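Peer 1: As numbered in this note's numbering, residues 773 to 1584 make up the first sequence, in order. Backbone N, C-alpha and C fix where the C-beta goes; we use that ideal spot for every residue, glycine too. Quick caveat: nothing in here was measured; it's all calculated off a predicted structure.
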Amino acid sequence: MNFLDSLNEQQREAVIATDGPSLILAGAGSGKTRVIAHRIAYLIAEKGIAPWNILAVTFTNKAAEEMRLRVQRLLRDQELSSAPLVSTFHSLCVRILRQDIEKLNDKYTRTFTIYDQDDSQRLIKNCIKDLGYDEKHLGVRATQSAISSAKNRGEDVDAFAARADYVDERRAAMARVYKLYEERLHANNALDFDDLMIKAVRLLRDVPEVCEKYNNKFKYLLVDEYQDTNSLQFALISLLTEKQQNIAVVGDEDQSIYKWRGADITNILNFEKHFANTKTIRLEQNYRSTQTILDVAGAVVKHNVERKGKNLWTSNPKGERVRYYQAFDADAEARWVASKIVEHRREQYDIRAAVLYRTNSQSRVFEEAMRRTGLAYNIVGGFSFYERMEVRDIIAYLKLALNPNDSIALQRVINSPPRGIGKQTVEELARRANDFGLTLWDTIKLVIEKPDGLSMRAMTALRGFRRIILKLGEMAGVVESPMSNVQSQTPNTQQPTPLDALVSDIVKAAILDTGYEYALKGEKTDEAEARLENLQELVNAAVDYDDNGVEGLREFIDHSALVSDQDQYKRDAPVTLMTVHAAKGLEFPIVFIAGLEDGLFPHSRSATDPAEMEEERRLCYVAMTRAEKFLYVTHAMKRRVYGEELASEPSQFLNEMPLELIEDLSLGKSWLSFARGSTTIEYEQGEYRKEKKKYTGKTYDSADSIAEFFKQRASQLGNTGGGFQSAKEQRARDASPPARTSSSRVQSPTPDTEHQAPSSEFVPGSYVKHAKYGRGLVLRREGAGDSLKLTVTFPGFGQKKLVQKYAGLEKA
DNA sequence: TAAAGAAAGTTTTTT
DNA sequence: ACTTTCTTTA
């Protein structure tokens, strides 16, 4: 088989440039995964490189899986002694650290525990509490993200503290939390996600023999999604490739969407400077999308200033226009999307579609709509299997068995299922642990041996708990370690001998011997039933693990920490629901981008910072370029946020699309029809320039559209509804300032107002006049008689709830 | 101590 | 709206 025949000239170039550094700038849909896979196959089959000398690094397990599959397919005729290593950054680091972390001499042992986001958050919470800070003022999440970004910047506790001291009290407090957090991680022999990168980099940097070893092992290095690498990842790559410089990175600046997580775009922009004699190859032919989709996506991303610009082209057909729908609310949006998917699948039974949204919270309505419609959907994100409470509990038992010093795991399961070790007891233990400088585990041992102060009941329960953990440890081949404390860790006392018991047996024991199953069975609820099924699923996963090989409990647990919700993606599902971030690297014949609303996409948190705004735009670009044939964009006029309904304006990104390439499928008047009427499109130096008239309030705002909606519905129901005129006519006479509706709240009408004749003229959808606020739109009425309350939105003042009797309202 | 009920905070994106 | 955390009660 010739690996080069099916490639275009640039792709071929990228595949055969195996020696020395290469920078492959690959536009959306230009075949970048293909190039990496072919390059690996080429190295093995044509250049005779041993598979174990090749390392490919990705960000997600999903991407790694895809890569492995493609390489395997290309090399299916070859007899291979082993497969090339395709790994995520984090699992690569774990691999390296499980081998050699003790060479760092900072008291971490090879049996270290990995703390995921949730574990680390719990620990930070404890730290904040124990330092006596107000959780409300400091904020667990805020603190965690501050610490995480400090770590990613390479700022240790001292550097962070030095910078914080003079800034403000809050940051100084965070610095103290950071310090305690680090100490406790250490005491627990635990590493958080950031530490995995940090320690691996330090190991390669400070221990030449380790660096040498991996340089000799990985002679060829490939990095996917290079635009999203942060400084630590860059350091890791540089160190791994120090000796041979055979490194190929693939990326696209327009698809950089992880700046918020520390991704440093200069890594890709300055690659040629960092690596001498870089060969730069551009892949600019798009094989994925229609010309129209590329045109629309290109027009949007062109609004970014921080951009080199590229010339992405395709020989694909022009295709159909981008389809647009304005929905009344999120529910209607979801139902419409579902109905369109059904239509498409009637035409082509196996066509795949993706629904992309900005935030995970949008997923629920789509899930419900798909279920109602009977579409088999696959949802990525939100809860991963390993994030379910019961699964985490069992994993915590197993983690504890392997590393009893893991106080986070201990606190998680010490009383679940309930065994009489309540809050009081745990707090007492924590106090003593702190006083003695011992871990919780060792404190328990001490308390059991020298009983004092604690109730008989608590003692018995603690003894039982300890016995359970020790037994699990025994099964996993852990030798009970002598008393350890913070100062002297105990290296090498726990050597698991994986052959003692199967992983699945240990998992079963953790479910049964802990009383976990018994407690769930006792509940006799549907929910408990579902939890039991999930635990059965965990056992199945463990059985698979046993069947597949030689790895032990440790690897099973590592896997559970490093595998994420991204990995639930099933490529053949008819419908996939996911965030735009999760869709990076994927492609679908049909793509829906939902919730294109101001404050949602682009997200309000990005509104103040132009750089973040550009990232939102790139995100939009990524979403659009996932589509092969059909692209749909939708938005809703109102949406629930924190349980309150807010009116929402269309996204500015809609406005940045060439309107002539959009087909309006909305019922009645939509934002787009207003936009068309009021926009003059000018050509300036060969580019579209549009006059921005849309947000003056004269052409469109949601309150108007909602009024329009009520009017239509009223006439359908034969209800006179107060006899108001069309929103447009009213507005023409209206001298009040333009509505600022993006912050105004809108309530849906109570159901009975639709059917029963209103007792007054102030019905939802009609306009009223208020002495102070001027003219406003009635959104909702509650109560009757003297207590009749109206919810009214006033342009410029937002929503007010008024008692009709006192408000002195007039019909307007 | 544990269960049940009330109040408060929450949503940007993720290894 | 939904989930986590605090408060009350058995």
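Going by beta-carbon coordinates alone, are proline 1422 and glutamate 1359 separated by less than 8 Å?
Peer 2: Cβ distance not < 8 Å, so proline 1422 and glutamate 1359 don't count as in contact.
Peer 1: So, is glutamine 1576 buried or exposed, given that buried needs 16 or more other C-beta atoms within 10 angstroms?
Peer 2: By the 10 Å Cβ count, glutamine 1576 comes out buried.
Peer 1: Taking DSSP as the reference, what is the three-state secondary structure of glutamine 1057?
Peer 2: Strand at glutamine 1057.
Peer 1: Quick check: what's the CA-CA separation for lysine 901 versus asparagine 1132?
Peer 2: Near 30 Å, if we compare the C-alpha coordinates of asparagine 1132 and lysine 901.
Peer 1: Which runs of the alpha helix (DSSP H) at least 4 residues long sit entirely within the region 1138 to 1199? Give them in chain order.
Peer 2: Runs of the alpha helix (DSSP H) inside the region 1138 to 1199: 1161 to 1174, 1179 to 1185.
Peer 1: Can you give me the Cβ contacts of glutamate 1174 inside the same chain, cut-off strictly under 8 Å, excluding the 5 residues immediately before and after it?
Peer 2: Here residue 1174 is leucine; the residue named in the question, glutamate, does not match the sequence. Here the set comprises Thr883, Thr885, Gly1245, Ala1248, Val1250, Gln1266, Pro1268, Leu1325, Arg1326, Ile1329.
Peer 1: State the Cα-Cα distance for the pair leucine 1574 and leucine 1562, rounded to the nearest angstrom.
Peer 2: One C-alpha to the other measures close to 5 Å.
Peer 1: Which residue comes first and which comes last in the alpha helix (DSSP H) that contains isoleucine 1037?
Peer 2: Careful: isoleucine 1037 lies outside any alpha helix (DSSP H) and carries neither H nor E.
Peer 1: Tell me which residues share the same chain as glutamate 1139 and place their Cβ nearer than 8 Å to its Cβ, disregarding the 5 neighbours each side in the sequence.
Peer 2: Result list for glutamate 1139: Tyr1149, Ile1151, Leu1349, in chain order.
Peer 1: Along the alpha helix (DSSP H) that carries aspartate 967, what are the first and last residues, could you check?
Peer 2: Start and end: 965 to 978.
Peer 1: If I measure Cβ to Cβ from tyrosine 905 and keep anything under 6 Å in the same chain, skipping five residues before and after, which residues do I get?
Peer 2: These residues qualify, in order along the chain: Ala945.
Peer 1: Within the continuous alpha helix (DSSP H) that includes methionine 1429, where are the two ends?
Peer 2: Per DSSP, methionine 1429 belongs to no alpha helix (DSSP H) and is neither H nor E.
Peer 1: Would aspartate 1302 be called buried (16 or more neighbouring beta carbons within 10 Å of its own) or exposed?
Peer 2: Looking at the sequence itself, residue 1302 is alanine, so the reference to aspartate does not match. Looking at its Cβ environment, which holds fewer than 16 other Cβ atoms inside 10 Å, alanine 1302 is exposed.
Peer 1: For the region 1410 to 1429 against the region 1370 to 1381, are there 3 or more C-beta pairs whose distance is under 8 Å?
Peer 2: Judged by Cβ distances under 8 Å, the region 1410 to 1429 makes contact with the region 1370 to 1381, as three or more pairs qualify.
Peer 1: For serine 1111, count neighbouring C-beta atoms within 10 Å of its own C-beta (all shown protein chains included) and say buried if the count is 16 or more, exposed if not.
Peer 2: It counts as exposed.
Peer 1: Going by C-alpha distance, which of Asp1026, Val1550, Phe1006 is nearest glutamate 1386?
Peer 2: Here the closest residue by C-alpha is Asp1026.
Peer 1: Taking the alpha carbon of tyrosine 889 as the point to measure from, which residue in Val1413, Glu1384, Ser1332 has its own alpha carbon closest?
Peer 2: It is worth fixing the name first, because residue 889 is glutamine in this sequence and not tyrosine. The shortest Cα separation from glutamine 889 among Val1413, Glu1384, Ser1332 belongs to Ser1332.
Peer 1: Can you find at least 3 beta carbon pairs, one from the region 1017 to 1034 and one from the region 981 to 1001, that sit closer than 8 Å?
Peer 2: Segments in contact, yes.
Peer 1: Beta-carbon within less than 8 Å of serine 859's beta-carbon, same chain only, minus the 5 sequence neighbours each way: which residues are those?
Peer 2: Taken in chain order, the residues that qualify are Leu827, Ala828, Val829, Thr830, Ala836, Arg867.
Peer 1: Should asparagine 1320 be labelled buried (16 or more other beta-carbon atoms within 10 Å of its own) or exposed?
Peer 2: Asparagine 1320 should be labelled exposed.
Peer 1: Could you tell me whether the region 786 to 797 touches the region 1040 to 1057, using the rule of 3 or more Cβ pairs below 8 Å?
Peer 2: Output reads yes: the region 1040 to 1057 touches the region 786 to 797.
Peer 1: Among residues of its own chain, excluding the 5 on either side of alanine 1507, which ones have a beta-carbon nearer than 8 Å to its beta-carbon?
Peer 2: Note on alanine 1507: pLDDT 31, under 50, position unreliable in the model; no value is reported.
Peer 1: Is arginine 1184 buried or exposed, if buried means 16 or more other CB atoms sit within 10 Å of its CB?
Peer 2: By the 10 Å Cβ count, arginine 1184 comes out buried.
Peer 1: Which whole runs of the alpha helix (DSSP H) in the region 988 to 1036 are 4 residues long or more, in chain order?
Peer 2: List check, alpha helix (DSSP H) in window: 1003 to 1012.
Peer 1: Is the region 1398 to 1418 close to the region 1061 to 1070, with three or more CB pairs under 8 Å?
Peer 2: Yes: at least three Cβ pairs fall under 8 Å.
Peer 1: Are the beta-carbon atoms belonging to leucine 869 and leucine 968 less than 8 Å from one another?
Peer 2: Yes. Within cutoff.
Peer 1: Thinking C-beta only, is valine 1352 closer than 8 Å to valine 1394?
Peer 2: Yes. Within cutoff.
Peer 1: Along the chain, where does the beta strand (DSSP E) containing lysine 1217 start, and where does it finish?
Peer 2: Premise fails: lysine 1217 lies in the alpha helix (DSSP H), 1212 to 1221, not in any beta strand (DSSP E).
Peer 1: Identify which residue in Leu1182, Glu1200, Arg1229 has its Cα closest to the Cα of isoleucine 1240.
Peer 2: Of the candidates Leu1182, Glu1200, Arg1229, the one whose C-alpha sits nearest the C-alpha of isoleucine 1240 is Leu1182.
Peer 1: Write down every uninterrupted run of the beta strand (DSSP E) in the region 1346 to 1384 whose length is 3 residues or greater and which is fully enclosed by it, in chain order.
Peer 2: List check, beta strand (DSSP E) in window: 1347 to 1351, 1360 to 1365.
Peer 1: Are the CB atoms of glycine 1023 and leucine 797 within a distance shorter than 8 Å?
Peer 2: Cβ distance < 8 Å, so leucine 797 and glycine 1023 count as in contact.
Peer 1: Going by beta-carbon coordinates alone, are arginine 956 and leucine 876 separated by less than 8 Å?
Peer 2: Not in contact: arginine 956 and leucine 876 (Cβ atoms no closer than 8 Å).
Peer 1: Judging by CA-CA distance, which residue of Ala934, Glu1309, Leu1041 is the nearest neighbour of lysine 1080?
Peer 2: It is Leu1041 whose Cα lies nearest to the Cα of lysine 1080.
Peer 1: Kindly give me the distance between the Cβ atoms of leucine 1084 and alanine 786, rounded to whole angstroms, as I take these residues to be in contact under 8 Å.
Peer 2: Actually they do not touch by this definition, with Cβ atoms about 16 Å apart.
Peer 1: Taking the C-alpha atoms as reference points, what is the distance between proline 1270 and aspartate 1277?
Peer 2: Confidence at proline 1270 is low in this model, with a pLDDT of 47, below 50, so the placement of that residue should be treated as unreliable; the coordinate-derived value is given next. Each residue's alpha carbon lies about 11 Å from the other.
Peer 1: Since glycine 1367 contacts tyrosine 1129 with CB under 8 Å, what's their CB separation in whole angstroms?
Peer 2: Indeed, because the Cβ distance is near 5 Å, the residues count as touching under 8 Å.
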